[in-house]
Structure formats: structure tokens, C-alpha cells
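Protein chains in written order, with the numbering used here: chain A, 1 to 225; chain B, 1 to 484.
No residue lacks a Cβ here, since even glycine has one placed at the ideal position from N, Cα and C.
What you are looking at is a predicted structure, and each value in this text was computed from that prediction instead of being measured.
Input: a single structure, listed below in C-alpha cells.
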């Protein structure tokens with residue numbers, strides 16, 4: 001007796017495993033992506049990213065951002081760190097070891113999800129700032145979101161997906177302090193102008209490092225989570 | 001076999017407190033906040049401690065970093081971790097198991113909250129101890145102010161409660177980062193937005209307020225009014241949120257529900273009272289006055305014995321400024337030699353409170369995070385005493401030569417040469433002042449030429465000319481052409 005017959009007898013097959021696709025087909029691939037995205041709560045993450053974009057829009061519309069001085073960078077960096085935190089938290093897996101042991105496509109899915117969410121976050125924040133003067137412009141958003149997301153992904157690999165938001169938030173506090181005290185190291189890239197090559201390189205390096213680690217190893221699994 | 005009958009109810013009542021203590025101990029041992037302590041320590045060092053080290057070693061000025069730096073840095077992590085802890089049962093889908101356990105759910109939730117808050121307050125108080133310990137080794141007068149510490153603890157408890165409630169009511173992996181994000185958003189945006197509304201005094205409730213002027217809390221008691229109202233507001237929020245959590249997790253117990261309702265009402269009343277009192281605040285040079293909680297005794301000046309250094313004209317300062325006295329005397333010495341014995345010269349230079357400077361009340365802003373720069377001097381009394389107010393001083397950690405007290409020199413000369421109070425100086429006065437201060441380049445050409453002429457004279461010739469012309473110069477009766 002096979003398990004398939006058991007499911008058929010119980011009448012559950014049509015409800016639980018309807019239309020099993022052939023492995024290797026496009027449908028199987030899309031189903032895998034869909035299940036992975038659902039397990040990482042990506043739809044909720046997209047909602048949070050839209051929320052950050054709306055807050056940026058409101059800040060620009062109602063002049064919550066000062067027009068000059070060091071405080072102009074404060075709110076945009078806060079929202080960029082917020083989006084990076086959300087992306088980092090999506091790396092948390094509820095399945096743990098079984099998924100690691102059996103998921104052949106897992107590294108691609110991890111990389112694809114992190115990369116796509118980063119791109120979407122940049123797009124949404126840029127859209128939120130459209131037709132308004134955002135200090136630093138879109139280049140700043142690309143650099144800051146990518147770099148801080150890299151920090152979030154590294155945090156996820158080190159302390160686990162659930163608490164990975166701590167890394168971007170710690171970097172946020174450091175950046176706010178650097179903005180107020182006029183520090184100029186390229187490793188604190190939000191303090192540098194958007195055309196600064198050194199800051200862009202540092203942010204890109206951190207993002208590549210984070211994406212590589214999370215692709216290869218995934219978020220750390222902690223029993224406490 | 002003999003059976004012993006033990007009433008179960010009595011046993012349960014006897015071990016109840018022990019069980020609760022054990023639950024709290026378990027939560028304390030497994031709290032996520034423990035793992036965050038090194039990070040919080042590092043942030044404290046890089047932000048709050050280094051900022052405080054840049055301020056002069058006066059207790060009140062140094063203590064301003066508690067609310068301006070330490071509390072905001074801690075708040076977002078505290079809210080995030082509290083949300084993470086509060087969402088634990090929801091994330092693990094064990095709410096049903098916990099609800100039907102021996103302990104009521106509100107008791108277990110309270111233990112989790114208490115553990116997170118305890119670690120938070122322990123970290124906060126540890127950082128305050130380090131800050132105050134370092135200040136104690138440098139400050140020469142006064143003692144640590146505790147109101148900012150109490151207000152900071154109330155703010156942290158409030159954000160901890162709000163984060164925990166968010167986690168408990170909306171469990172999910174994104175609750176913690178969003179709680180942290182919203183906390184920082186509230187701290188840096190919400191209170192700033194309120195300033196532009198019709199009642200900007202509500203912005204005073206923000207823990208991130210202005211840095212007090214250099215001698216705040218030295219000559220007069222700094223008013224605790226604002227701290228009292230901040231504590232009332234934030235502690236009220238914390239209590240109301242905890243009461244609300246009790247309502248949400250009462251699990252059918254009528255006594256718990258009623259108690260929670262009363263606690264919520266009390267918390268809301270305290271928070272609303274805080275908001276109402278903040279609306280009556282007015283900003284003065286020595287702090288914020290809120291009439292309903294203001295103690296008239298704090299208006300009286302603090303008694304002290306000045307520390308003096310004897311020169312041709314003695315220079316005296318408040319004991320808190322003892323470390324700056326040699327630098328101040330060295331700065332004023334050339335001028336003292338120039339002016340001693342001249343008609344209208346002071347017999348003594350005395351430090352006075354900067355809150356007596358009229359410009360200070362204009363420059364003070366409720367939320368401006370900046371230090372007022374400047375000094376002011378006035379000649380009063382008979383015999384004449386020059387009252388010198390110092391509003392900003394270099395940090396003790398920096399060498400004195402890095403920030404010369406040039407502004408005090410200018411104030412000294414201005415008080416001696418300058419016009420009578422309330423009138424504008426004339427070109428001759430400006431030229432003589434610039435000549436004595438060697439700053440003629442800042443003047444327009446004719447006055448600069450006169451200043452350069454006077455500066456080129458030998459000191460004894462300058463002094464002789466001042467001795468004969470000073471009353472006329474001060475009265476504004478000297479023309480530029482009359483300056484030698």
C-alpha cells in the first residue's frame with residue numbers, strides 16, 4: 001500500500017496536494033518559489049516596505065524633514081534602516097534542519113528573495129520620494145538600502161533571522177551619531193554625499209558579503225527562536 | 001500505608017509567591033536583553049559617554065546626555081526586544097497552552113515584561129553609574145542630579161511596555177523591527193512636528209530636549225518641574241499599557257479584569273495630567289517652569305564661597321569653575337594690567353550666572369540641541385565690580401590652549417570701554433576695543449585705521465591716553481580722528 005492510495009482513500013488528495021506538477025517544469029519552480037516566499041512572510045514584508053515608503057512620502061509632503069543642516073539625513077536613514085531590518089527578518093526559516101537537508105534550490109531562493117526585496121525597497125522608497133526633494137536623491141537610497149541590508153543579512157547569519165533587525169538598528173544609531181557629529185568615514189556611508197565612490201564601494205562590499213553569506217549558509221537557526 | 005490529607009488550596013497559596021519568583025528568575029535567565037547588553041554598552045560609550053566627555057565637567061550639563069543620547073539609543077532596542085519577548089507565545093503558537101496553564105496568562109506575561117524591563121533598567125543604571133563616576137572624578141563642586149535619571153527610567157519603561165503590548169497583541173516576526181522603527185520615529189519626528197503646532201510646549205514632553213547652558217544648576221537650582229511632568233506622562237503610559245495588557249489577558253478572571261481596568265484608568269489619568277501640565281509650561285533661563293508643580297524654594301540662588309586669585313584686580317569664580325580659574329586669569333591678565341587704577345576700573349572681577357544675560361532667554365529654544373556660545377560682562381556697584389558670566393567653557397579633557405577664552409576678553413573690554421547699558425557703541429569705542437583685542441580687521445576702514453594707530457602705541461602711552469580720555473570715550477564724546 002502506498003501513501004498516495006491512503007490519501008486517495010481519505011479523500012484528502014484533492015484538497016491538500018491538488019495537481020502535483022512534474023518536477024522540473026516551470027509550474028514546479030513557481031510553486032517552489034511561492035511556498036518559499038510564503039514561508040518567509042514576504043507578502044507581509046512587502047506591506048511593511050510599502051508602509052516605509054508612505055511614511056517617507058508623508059515626511060516630504062508635510063515637511064517633517066528639515067530643509068538644511070545635518071538633520072536632513074536623519075529620517076531618510078531611519079526609513080532605509082527600517083526597510084533593511086524588514087528584509088533581514090525575512091531570512092528567518094520556520095523549518096530549520098529538514099529544509100536545509102532537502103532544499104536543493106535553497107541558496108538560489110535565499111539570494112533571489114534578498115536581492116528582489118532590496119530592489120523593491122529601493123524602488124518603493126524612490127517612488128515615495130518622487131516629485132519631491134529627497135536629500136541625497138535616489139543614488140543615496142540605493143547605496144544606503146543596499147549597504148544596511150548587507151548588515152542585516154550578516155546579522156541574520158550571525159545571530160539568527162528573528163533578531164537580525166538588531167544589526168541595521170545598531171548601524172542606524174551609529175549613523176545618526178555620525179551625522180550629528182560630522183564623522184566622515186566611508187564605512188558610515190549615510191554621512192557621505194551620494195556621488196562618493198568610497199562610500200558606495202563600502203556599501204556594495206557589505207551588501208555582497210551579506211548576500212554571499214546568506215546565500216551559502218542561510219540565517220542561523222537558534223533553539224530560542 | 002497511611003495517607004496524609006493536605007488541603008491542595010492551602011498548599012497552592014503557600015508556594016504561590018515562590019512560583020512567581022521562580023518564573024521571574026527563569027525569565028531573567030532567558031531574557032533576550034542579556035545578549036544585547038554588550039551592544040548597549042558599546043553604543044553608550046560611542047554616543048552618550050563621548051558626548052558627555054566633550055562637555056565641561058559640571059553635573060547638570062553632563063547629565064543632559066542621559067535624556068538626549070542614552071535614552072533614545074536604548075529606547076529602540078528596548079521596544080524591539082520587548083516586542084520580540086511579548087510575541088513569543090504567539091510566534092510559537094503556544095497561546096492556548098499558556099492560557100490553560102496553572103499560572104494565569106497575565107502572570108506569565110507580567111513576568112516576561114518584568115524580566116525585560118529589569119535588564120533594561122540594570123543596563124541603564126549601569127551606564128548612568130559609569131557616567132556619574134567619570135564626572136565625579138572631574139567635577140569640583142555639586143552632586144549628581146537624579147531627576148534626569150528618574151525621567152529616563154520612566155521613558156524606558158514606557159517604550160518597554162508599548163513594545164511588549166505590540167508583540168503580545170500583534171505577534172509576528174516583523175513586530176520587533178517595526179516596534180523599534182516606530183519608537184525612533186516617535187522620538188525624532190513626532191515631537192519635532194508638535195513644535196510647529198499651535199501648542200509647542202507639548203514638545204517639552206520629548207525626552208530629547210535642549211542642552212542646558214554651561215552654568216545651569218550652578219548658581220540656581222535647575223527646576224525639576226519638567227522632569228516631574230515627563231515622569232508623570234511616561235510612567236502613566238507604561239501603567240496604562242500594562243493595565244490594558246491585563247484586560248487583554250485576564251482569561252475570564254473578574255478580579256484580574258477589574259484590577260486591570262483600575263490600573264489602566266490610573267495610568268491614563270497620569271498621562272493626560274502630564275500632557276495638560278506640559279501645556280502650561282513656560283521656558284525660563286534656569287529651566288522650565290510648570291506652575292502646578294513648581295517649588296518656589298528652587299528660585300533662590302545657591303549659596304557658595306567664591307574661589308579667588310589675587311592680582312591687580314582679584315578674579316573670583318564659583319567653586320565649580322575652580323579648574324578654569326588659572327586659564328581665565330591668564331586670559332584677563334594683560335587687560336587687568338592695562339586697566340588697573342584707571343578711572344572707572346573695577347576693584348574685583350566676579351563670576352555671575354549666565355541666566356542674568358537678557359540674550360539668553362531669547363536664544364533658548366525648547367528643543368534646540370546646541371550649546372549657547374558667549375560671555376557677558378557688566379560693571380555695577382560702588383566700588384565697581386565687573387560681573388562676568390561664562391556660558392560656554394572648553395571641556396577639561398582638552399588642553400586649555402585649544403580653546404582660548406577670547407570671548408571673555410571681549411566681554412571684559414566691552415564692559416569697560418563700551419557704551420552705557422542699552423546704547424549702541426560708537427566708532428571710537430569700537431576702534432579702541434579692537435586695538436586692545438588685536439582684532440582691527442573686523443572693522444570698517446576708518447575705524448580699522450584708528451585701531452591700528454592705537455595698537456601701534458607703546459602700552460604705557462596707551463594707558464596714559466586712556467587715563468585722560470576714558471570718561472569721554474565711555475560717554476561717546478571722542479571722534480575717530482582724536483585717537484592717537
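Check	Outcome
Three or more beta-carbon pairs under 8 Å between the segment 78 to 94 of chain B and the segment 160 to 168 of chain A, yes or no?	yes
Quick check on the DSSP output: what are the complete alpha helix (DSSP H) runs of length 4 or more inside the segment 138 to 201 of chain A, in order along the chain?	166 to 181
For residue 117 of chain A, go through chain B and note every residue whose CB falls closer than 8 Å to its CB, in chain order.	Within chain B, no residue comes near residue 117 of chain A; the closest Cβ sits about 12 Å away, beyond 8 Å.
Kindly indicate if chain B contains any beta-carbon less than 9 Å away from that of residue 85 of chain A.	yes
In terms of alpha-carbon separation, which member of B/231, B/245, B/383 and B/343 lies closest to residue 264 of chain B?	B/245
What residues in the segment 73 to 84 of chain A bring their beta carbon closer than 7 Å to a beta carbon of chain B?	74, 75, 78 and 82
To the nearest angstrom, how far is the alpha carbon of residue 365 of chain B from that of residue 177 of chain A?	Note that residue 365 of chain B has pLDDT 39, beneath the 50 cutoff, so the model's placement of it is unreliable and the number below is only indicative. Cα to Cα, the separation comes out at about 21 Å.
Please confirm if residue 220 of chain A has its CB atom under 9 Å from at least one CB of chain B.	no
Tell me the rounded alpha-carbon separation between residue 463 of chain B and residue 338 of chain B.	6 Å
Taking the C-alpha atoms as reference points, what is the distance between residue 54 of chain A and residue 128 of chain A?	6 Å
Which of helix, strand or coil does DSSP assign to residue 27 of chain B?	helix
Determine whether the Cβ of residue 43 of chain B lies closer than 9 Å to any Cβ atom of chain A.	yes
Short check: CB of residue 161 of chain A to CB of residue 93 of chain A, under 9 Å?	yes
Would you mind stating whether residue 118 of chain B and residue 43 of chain B have Cβ atoms separated by less than 9 Å?	no
Starting from the beta carbon of residue 174 of chain A, find every residue of chain B whose beta carbon is closer than 9 Å, and list them in chain order.	43, 46 and 47
Taking just the CA atoms, how far does residue 155 of chain A sit from residue 486 of chain B?	Residue 486 of chain B is absent from the structure shown; chain B starts at 1 and stops at 484.
What's the gap between the Cα of residue 72 of chain B and the Cα of residue 171 of chain B?	24 Å
Give the secondary structure of residue 106 of chain B by DSSP, where H, G and I count as helix, E and B as strand, and everything else as coil.	helix
Can you tell me whether DSSP reads residue 35 of chain A as helix, strand or coil?	helix
May I ask which residues mark the beginning and end of the alpha helix (DSSP H) holding residue 95 of chain B?	95 to 99
Looking at residue 447 of chain B and the ligand ATP, is the gap between the Cβ and the nearest heavy atom below 8 Å?	The ligand ATP is not part of this structure, which contains no ligands at all.
Do the CB positions of residue 168 of chain B and residue 217 of chain B come within less than 9 Å of each other?	no
Straight-line CA distance for residue 513 of chain B to residue 480 of chain B?	For residue 513 of chain B there is no data in the structure shown, the boundaries of chain B being 1 and 484.
Spatial neighbours of residue 227 of chain B within its chain, please: CB distance less than 8 Å, with the 5 preceding and 5 following residues excluded, ordered by chain position.	147, 148, 150 and 151
Can you list, in chain order, the residues of its chain whose CB lies under 8 Å from that of residue 201 of chain A, leaving out five sequence neighbours each side?	186
Using a beta-carbon distance below 9 Å, is residue 189 of chain B in contact with chain A?	yes
Which residues of the segment 89 to 118 of chain A have a Cβ closer than 7 Å to any Cβ of chain B? Give them in chain order.	89 and 92
With a threshold of 9 Å between beta-carbons, can residue 206 of chain A be considered close to chain B, or not?	no
Which class does residue 352 of chain B belong to by DSSP, given the choice of helix, strand or coil?	strand
Find the residues of chain B that neighbour residue 41 of chain A, judging by a C-beta separation of less than 8 Å, and give them in chain order.	172, 173 and 174
Give the DSSP-derived three-state secondary structure of residue 220 of chain A in the structure shown.	coil
What do you reckon, are the CB atoms on residue 146 of chain A and residue 203 of chain A nearer than 9 Å?	yes
Is residue 207 of chain A near residue 139 of chain A, with beta carbons less than 9 Å apart?	no
For the structure I just gave you, are there three or more beta carbon pairs, one from the segment 99 to 110 of chain B and one from the segment 30 to 46 of chain B, closer than 8 Å?	no
Please classify residue 435 of chain B: is it buried, with 16 or more other beta-carbons within 10 angstroms of its beta-carbon, or exposed?	buried
Give the residues from the segment 155 to 173 of chain A that approach chain B closer than 9 Å (Cβ to any Cβ), ordered along the chain.	159, 161, 162, 163, 164, 165, 166, 168, 169, 170, 172 and 173
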